[in-house]
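Heads up: the sequence lines are chains L and B, in that order. Going by our numbering, 219 is the number at position 219 of the first sequence; the sequence numbering is gapless. Going by our numbering, 239 is the number at position 239 of the second sequence; the sequence numbering is gapless. We put the CB at the ideal spot given by N, CA and C, even for glycine. Structure, as structure tokens:
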Amino acid sequence: MNGHCNGKVSDTVESFHCSSGLGDLIIDTGKSAVHRKNETSRKEAEDQSRLPVLEVAYATILRELGEDTDRQGLLRTPLRAAKAMQFLTKGYHETVDDVLNNAIFDEDHDEMVIVKDIDMFSLCEHHLVPFFGKVHIGYIPNKKVVGLSKLARIVEVFSRRLQVQERLTKQIATGIAEALQPKGVAVVIEAAHMCMVMRGVQKMNSRTVTSTMLGVYLEDPKTREEFLTLSQHA
Amino acid sequence: MEHSKQTQYTSNEKTDSGDSGSVLNGHFDGMVKRPAGGTGRAAAPQPPGAESGSHRPAASVMESWREERTRSVEDNEMSLPSLAAAYTTILRGLGEDPQRQGLLKTPWRAATAMQFFTKGYQEKIIDVLNDAIFDEDHDEMVIVKDIDMFSMCEHHLVPIFGRVHIGYLPNKRVLGLSKLARIVEIYSRRLQVQERLTKQIAVAITEALQPTGVGVVIEATHMCMVMRGVQKMNSKTVTSTMLGVFREDPKTRDEFLTLIRS
Numbered sequence: 001m002n003g004h005c006n007g008k009v010s011d012t013v014e015s016f017h018c019s020s021g022l023g024d025l026i027i028d029t030g031k032s033a034v035h036r037k038n039e040t041s042r043k044e045a046e047d048q049s050r051l052p053v054l055e056v057a058y059a060t061i062l063r064e065l066g067e068d069t070d071r072q073g074l075l076r077t078p079l080r081a082a083k084a085m086q087f088l089t090k091g092y093h094e095t096v097d098d099v100l101n102n103a104i105f106d107e108d109h110d111e112m113v114i115v116k117d118i119d120m121f122s123l124c125e126h127h128l129v130p131f132f133g134k135v136h137i138g139y140i141p142n143k144k145v146v147g148l149s150k151l152a153r154i155v156e157v158f159s160r161r162l163q164v165q166e167r168l169t170k171q172i173a174t175g176i177a178e179a180l181q182p183k184g185v186a187v188v189i190e191a192a193h194m195c196m197v198m199r200g201v202q203k204m205n206s207r208t209v210t211s212t213m214l215g216v217y218l219e220d221p222k223t224r225e226e227f228l229t230l231s232q233h234a
Numbered sequence: 001m002e003h004s005k006q007t008q009y010t011s012n013e014k015t016d017s018g019d020s021g022s023v024l025n026g027h028f029d030g031m032v033k034r035p036a037g038g039t040g041r042a043a044a045p046q047p048p049g050a051e052s053g054s055h056r057p058a059a060s061v062m063e064s065w066r067e068e069r070t071r072s073v074e075d076n077e078m079s080l081p082s083l084a085a086a087y088t089t090i091l092r093g094l095g096e097d098p099q100r101q102g103l104l105k106t107p108w109r110a111a112t113a114m115q116f117f118t119k120g121y122q123e124k125i126i127d128v129l130n131d132a133i134f135d136e137d138h139d140e141m142v143i144v145k146d147i148d149m150f151s152m153c154e155h156h157l158v159p160i161f162g163r164v165h166i167g168y169l170p171n172k173r174v175l176g177l178s179k180l181a182r183i184v185e186i187y188s189r190r191l192q193v194q195e196r197l198t199k200q201i202a203v204a205i206t207e208a209l210q211p212t213g214v215g216v217v218i219e220a221t222h223m224c225m226v227m228r229g230v231q232k233m234n235s236k237t238v239t240s241t242m243l244g245v246f247r248e249d250p251k252t253r254d255e256f257l258t259l260i261r262s
């Protein structure tokens with residue numbers, strides 16, 4: 001669903017989903033990631049029709065939490081919360097191919113290109129609570145450069161989903177690698193997880209840092225060091 | 001029965017002048033006065049299961065600090081299956097596969113997390129204060145600042161977080177310092193609006209201590225503005241409530257605002 005394939009397809013689960021009218025929402029988990037790259041698991045046009053189901057679910061949640069769903073502040077909250085959640089998971093609509101928009105140019109450039117401090121907002125798939133931070137991306141082109149904003153758009157595609165920070169980092173890196181075939185790609189994400197800050201262990205200042213190094217960034221320590229130095233300094 | 005309770009509650013709302021908030025969340029119109037003879041209603045025995053959440057004490061909002069509990073630990077356990085089912089529906093409705101490994105237990109985790117984020121509904125001010133009110137011959141300003149606060153936006157169900165600064169001028173009675181932070185926790189761990197949160201904290205301290213004055217300032221970031229909608233990363237919302245001498249005397253207010261800034 002999120003590029004994650006556990007390889008198991010339960011027939012009873014599939015038939016339940018199909019019979020409940022949600023079958024078209026679920027991609028067969030048996031398909032490999034290659035196929036899934038070019039598909040979206042959710043069609044934007046369907047969002048509107050999915051709203052009522054989400055609204056009912058949110059109304060139930062409000063009631064079960066002990067709130068009064070008839071008070072003024074909460075009257076339209078199920079609708080707003082449903083729309084907000086759809087926005088926060090809009091990455092399911094999009095693929096890397098869509099956002100790149102053919103903004104790949106032939107340039108005789110083979111020095112490092114870094115786009116850093118890209119604000120990132122995602123949702124923890126375990127608690128459905130936000131995590132947010134900054135993404136730093138570096139790549140060494142192999143005669144092909146990409147429009148700079150497209151790197152940020154690739155971040156958006158993968159971060160606006162139910163995510164795990166490790167997977168997010170890797171998906172951004174592989175997305176860029178597959179689109180450009182560069183000599184190397186490096187992605188570093190530093191984020192604060194509200195599931196750790198607002199609840200659970202409640203450590204306000206903790207940050208999680210993950211990185212993915214591909215190609216020459218993995219093989220050559222000097223290149224990696226250059227990237228890390230340039231992306232960390234103000 | 002549930003319907004009639006809600007009807008009664010709604011009609012109470014209409015008679016309050018300009019009070020559009022919920023009794024549940026202790027919404028005030030800014031006056032710290034007790035109406036004569038609050039309409040206290042004995043708490044009906046909680047029926048088991050999903051209905052328990054809809055009971056509201058119809059006691060006047062002014063008595064909110066006495067009669068606030070609407071949820072118990074047992075209620076939480078009873079609600080968990082329905083909450084988890086609702087979250088499963090949401091996952092499917094968003095286009096995810098609830099059967100994949102990362103999401104298998106997510107409905108339960110998300111439900112428990114949401115209950116934690118609204119645990120303010122389980123607590124009463126009077127329990128939290130724990131009699132930590134002491135007679136001290138002190139009438140200078142007491143400030144507790146930079147109290148980390150986490151709340152949930154009641155409009156989008158998305159987190160709000162920031163800092164609370166509280167100052168008060170005791171009138172022979174002081175409060176244990178951590179109790180100020182605990183009052184913040186009770187009111188912030190709810191579905192909130194920042195303006196109401198600020199006022200509730202101020203009024204609770206006033207009712208507990210009858211100090212000469214109270215000032216509360218909250219500076220917070222709203223994820224509903226940062227992660228979605230208008231998407232302004234660095235915006236902060238600042239609200240304040242000044243009661244008593246903090247409101248009347250500009251010099252006192254000035255001193256408070258200067259001290260919390262440093």
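Between the CA atoms of residue j and residue i - distance to the nearest angstrom
i	j	result
M225 of chain B	T69 of chain L	23 angstroms
K222 of chain L	E111 of chain L	13 angstroms
G244 of chain B	E64 of chain L	38 angstroms
V34 of chain L	Q192 of chain B	Interpretation of V34 of chain L is limited by its pLDDT of 37, a score under 50 that renders its predicted location unreliable; the figure taken from the coordinates is listed afterwards. The alpha-carbon atoms of V34 of chain L and Q192 of chain B are separated by roughly 44 angstroms.
E107 of chain L	D119 of chain L	27 angstroms
A86 of chain B	R80 of chain L	16 angstroms
H165 of chain B	G215 of chain L	50 angstroms
F87 of chain L	R167 of chain L	20 angstroms
E77 of chain B	A181 of chain B	27 angstroms
Q122 of chain B	A57 of chain L	23 angstroms
M227 of chain B	F121 of chain L	6 angstroms
H127 of chain L	V203 of chain B	33 angstroms
T88 of chain B	M149 of chain B	29 angstroms
P211 of chain B	R261 of chain B	23 angstroms
I143 of chain B	E154 of chain B	29 angstroms
N101 of chain L	M114 of chain B	39 angstroms
E140 of chain B	D249 of chain B	14 angstroms
E44 of chain L	R92 of chain B	15 angstroms
Y168 of chain B	I126 of chain B	19 angstroms
I90 of chain B	R189 of chain B	23 angstroms
V146 of chain L	F246 of chain B	58 angstroms
E226 of chain L	N234 of chain B	29 angstroms
C-beta atoms of residue i and residue j nearer than 8 angstroms
i	j	result
T208 of chain L	H193 of chain L	yes
L209 of chain B	I147 of chain B	no
K199 of chain B	V128 of chain B	no
V238 of chain B	V216 of chain B	no
I186 of chain B	I205 of chain B	no
L103 of chain B	D97 of chain B	yes
V135 of chain L	I189 of chain L	yes
E55 of chain L	A82 of chain L	yes
T89 of chain L	L123 of chain L	yes
T118 of chain B	M152 of chain B	yes
V96 of chain L	A173 of chain L	no
Own chain partners of residue i with C-beta closer than 8 angstroms, once the 5 adjacent residues on each side are dropped
i	result
E136 of chain B	P170, K172, R173 and V174
K236 of chain B	G162, E219, A220 and T221
R199 of chain L	H127 and V129
K203 of chain L	M196 and V197
For residue i, the residue or residues it bridges with in DSSP
i	result
A192 of chain L	L:F132
A208 of chain B	Bridge partners of A208 of chain B: none, in fact.
C124 of chain L	L:Q163
Q232 of chain L	According to DSSP, Q232 of chain L bridges with nothing at all.
H222 of chain B	B:I160
R173 of chain B	B:D135
Y168 of chain B	B:V142 and B:V214
Y58 of chain L	None, per the DSSP bridge assignment.
A152 of chain L	Beta-bridge pairing links A152 of chain L to no other residue.
I114 of chain L	L:G138
Cβ neighbours of residue i in the same chain (closer than 6 angstroms, five flanking residues each side left out)
i	result
S22 of chain B	Here the model assigns S22 of chain B a pLDDT of 42, short of 50, so the residue's position is not dependable, and the following value carries that caveat. Hits under 6 angstroms: none found.
E94 of chain L	V157
Y217 of chain L	G184, A186, T223 and R224
First and last residue of the uninterrupted beta strand (DSSP E) at residue i
i	result
G244 of chain B	T237 to G244
R128 of chain B	Looking at the sequence shown, residue 128 of chain B is not Arg but Val. Where V128 of chain B is concerned, there is no enclosing beta strand (DSSP E), although the alpha helix (DSSP H) it sits in stretches over I125 to L129.
K144 of chain L	K144 to V146
D106 of chain L	I104 to D106
Cut-off 7 angstroms between Cβ atoms - residues of its own chain near residue i, not counting five sequence neighbours on either side
i	result
M213 of chain L	A186 and R224
H263 of chain B	No information on residue 263 of chain B is available, as it lies outside the stretch 1 to 262 that chain B covers here.
Unbroken alpha helix (DSSP H) run spanning residue i, endpoints
i	result
D75 of chain B	V73 to G93
L100 of chain L	V96 to L100
T106 of chain B	T106 to F117
M213 of chain L	M213 of chain L -> not in any alpha helix (DSSP H); beta strand (DSSP E) instead, spanning T208 to G215.
T252 of chain B	P250 to R261
Contacts that residue i makes with chain C (C-beta to C-beta distance below 7 angstroms)
i	result
R71 of chain B	The structure shown contains no chain C; its protein chains are L and B.
heavy atom of the ligand SAM below 7 angstroms from residue i C-beta
i	result
A84 of chain L	As far as ligands go, the structure on display features none, and thus does not contain the ligand SAM.
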